[in-house]
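Residue numbers (our numbering), protein chains in the order written: chain P, 1 to 354; chain H, 1 to 354. C-beta atoms are modelled at their ideal positions from N, C-alpha and C, and glycine is treated no differently. Predicted model, so just to flag it, every value in this text is computed and none were measured.
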């Protein structure tokens, strides 16, 4: 059934029914939840963190690649990631969704399933939002509120700190390249996949092999799956293990080097990054070889990994890779032969010149 | 210059420069403002109110009627109105803006001027947001955070309470009808007008007369201006004078009767509304007569007035019109001859059947 035959009020009523918090949740901090003019929370003396992000059809996502489930999950993840990048814990979600009237109701509810799946993973509660018709593209935006005691900004790095990344980057950008090159059949098989948010579980597709379009190359589902999952359903990294160490932090949304440049801008520092220390996942190495790519390109300039990039005075931080150090000089990259080059903060820029 | 030649980062930097709070504002509650992964506020023990609303081109606005300045102002107003409808004070603003790459930079900055004008009026501070490209339509969304001590929900009305409205409704809907019927020249003159947010001031257009399209009727600028202003640049009503009285409250965004029905739903009560007590503005009476309309139609079912509709046990409330009473029975309207009819909560519904 198309949304035009359902009506906004029916949908809102159903969302409210499905997402109203259990009445036995006294520690939720929620004074007024979904359904009034505004939600009301009681932060009980804690600081409140707020972030908002938008995802537009044709710009941030392509419905030929992403299912509504993927989109819903990712919308929550990218916002939660911004809260986590400040060292906070995500608590509350507000959604703005606009789509065409002829969208099928099943699309709408699959989007909500993806949202609900992420809400469960991050333990965030839906407290409000807006649902409107659109003339053309589907536009999604979310606002996430969180809480935190110690806040870690982009501006706290000091000369002598080390630079760390939580996990290898580039997987998401490589996953997107794979998606673009798949045959329509392979792509649709990927689109139907609900990647387990933990990265485990195969949903019975253990033996799926995917065929790449132009070259008729066959790529292994099992080996490329982490890349596809990272692009379609990225999981925000929990910053809590890093809080005792981190002096400055940012999440890698636009690319390792551009986001490092932003951190350096705010901290007023330089950086030296060693290319041979930039971690690369096995999946990225595998796919890059097949695609004839240098894996360091997506690892340093690919966006949407949502790994945490941080600085810390410590010589090592459990669960993170040291890729360089904070300096008082220029921002440079050291290649495998020890040669220094300027670090270029390149990445995706909206409204950038074509 | 088109946005594609400017780049997102330049625009964001400029927004940050223009909107960063003055460093001598220690009571702002802002720990971290624009420019990090998330904003951080310290509510200092107060409750936090949160609302978010979207405005889509072709659905909520038509750029042939509204200037970017109008849109920016209205975007802030409709969100502030939701905070005020809970009895709160608006404090912080977050924006999501997406528009096509070929939009002229002047459009973008005029939008921001409208936003800044509303920010000044309501004393809200811009703390963050997202700026992205769009394939087709301009989509705007805002999130406003506020604070409040006593929160007034839609659910607090009791049998015997009176029903009040702050100012006449229907002006906005009638203003839209006038806009639709103007000649292109008259419409463009209205579009260029920056209505003073207070409703005062004429910007030297005191003598402008506007010509209505189909009938070649001339309407008076001075007499219709309040209607046009209410539609293009609605001002949210300050609830503070009502706080000692109000038991339940909602802002009239979709129409007086539909929003009253929502208040009744949440309070679990009935209502009796006297049509001859529904206030009508002089401007609405004037325009309705020219257009051959019953002014009660826009007054009871027209949307986007953003007046406050509330209930109170008191027999009278200064600065508000009593239009009826809360009952334990059905929701009824009493016409001028004393006849009762069912109150129909009709108003605009997204995804409603055509």
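- Between the alpha carbons of residue 111 (chain H) and residue 36 (chain P) lies a distance of about 28 Å.
- Among the residues of the region 271 to 305 of chain P, none has a Cβ less than 8 Å away from any Cβ of chain H.
- Per DSSP, the continuous alpha helix (DSSP H) segment holding residue 288 (chain H) begins and ends at 282 to 291.
- DSSP places residue 193 (chain H) outside any beta strand (DSSP E), giving it a letter other than H or E.
- Interface annotation, residue 31 (chain H): in contact with chain P, CB-CB separation under 8 Å.
- Going by C-alpha positions, residue 298 (chain H) is about 55 Å away from residue 261 (chain P).
- Under the 8 Å Cβ criterion, the region 126 to 141 of chain P does not count as touching the region 162 to 172 of chain P, having fewer than three qualifying pairs.
- Taking the Cβ atoms as the reference, residue 302 (chain H) lies roughly 23 Å from residue 270 (chain H), outside the contact range of under 8 Å.
- Interface flag for residue 49 (chain H) against chain P is set, since a Cβ pair is found closer than 8 Å.
- Taking 8 Å as the Cβ-Cβ cut-off, the region 107 to 131 of chain H approaches chain P at 127, 128, 129, 130 and 131, given in chain order.
- Annotation: the continuous beta strand (DSSP E) that includes residue 147 (chain P) extends over 139 to 148.
- Distance from the CA of residue 244 (chain P) to the CA of residue 313 (chain P), rounded to the nearest whole angstrom, comes to 11 Å.
- Rounded to the nearest whole angstrom, the C-alpha separation of residue 58 (chain H) and residue 65 (chain H) is 11 Å.
- Contact between the region 246 to 253 of chain H and the region 184 to 199 of chain H is absent: fewer than three C-beta pairs spanning the two stretches fall below 8 Å.
- Between the alpha carbons of residue 325 (chain P) and residue 61 (chain H) lies a distance of about 50 Å.
- Non-local C-beta neighbours of residue 296 (chain H) in its own chain, meaning closer than 7 Å and more than five positions away in sequence, comprise 275 and 278, ordered along the chain.
- For the pair residue 140 (chain P) and residue 91 (chain P), the CB atoms are not nearer than the 8 Å cut-off.
- Between the alpha carbons of residue 2 (chain H) and residue 309 (chain H) lies a gap of roughly 43 Å.
- For residue 91 (chain P), there is no enclosing alpha helix (DSSP H); the enclosing beta strand (DSSP E) covers residues 89 to 99.
- Put simply, the backbone Cα of residue 272 (chain P) is about 12 Å away from that of residue 311 (chain P).
- Residue 300 (chain P) sits in a helix when the DSSP states are folded into three classes.
- For residue 195 (chain H), not one C-beta of chain P is nearer than 8 Å to its own C-beta.
- For chain P, the residues of the region 146 to 168 of chain H that bring a beta carbon within less than 8 Å of one of its beta carbons are 146, 148, 151, 153, 154 and 155, in chain order.
- Contacts with chain H (Cβ-Cβ distance below 9 Å) from the region 80 to 94 of chain P involve 81, 82, 83, 84, 85, 86, 88, 92 and 94, listed in chain order.
- Under DSSP, residue 220 (chain P) takes part in a beta bridge, and its partners are P:209.
- Residue environment for residue 106 (chain P): exposed (fewer than 16 other C-beta atoms within 10 angstroms of its C-beta).
- Note on residue 18 (chain P): under 16 other CB atoms within 10 angstroms of its CB, so exposed under the neighbour-count rule.
- Residue 241 (chain P) has a beta carbon lying at 8 Å or more from every beta carbon in chain H.
- At a cut-off of 8 Å between C-beta atoms, residue 54 (chain P) counts as an interface residue with respect to chain H.
- Using a CB distance cut-off of 8 Å, residue 66 (chain H) does not count as an interface residue toward chain P.
- Residue 118 (chain H) places its beta carbon less than 8 Å from that of residue 76 (chain H).
- Judged by DSSP secondary structure, residue 258 (chain H) falls within the alpha helix (DSSP H) whose first and last residues are 256 to 267.
- For residue 73 (chain P), the enclosing alpha helix (DSSP H) begins and ends at 68 to 84.
- Rounded to the nearest whole angstrom, the CA to CA distance from residue 283 (chain H) to residue 177 (chain H) is 13 Å.
- DSSP, reduced to helix, strand and coil, places residue 1 (chain H) outside both helices and strands of the structure shown, so it counts as coil.
- Judged by DSSP secondary structure, residue 59 (chain P) falls outside any alpha helix (DSSP H); it is assigned neither H nor E.
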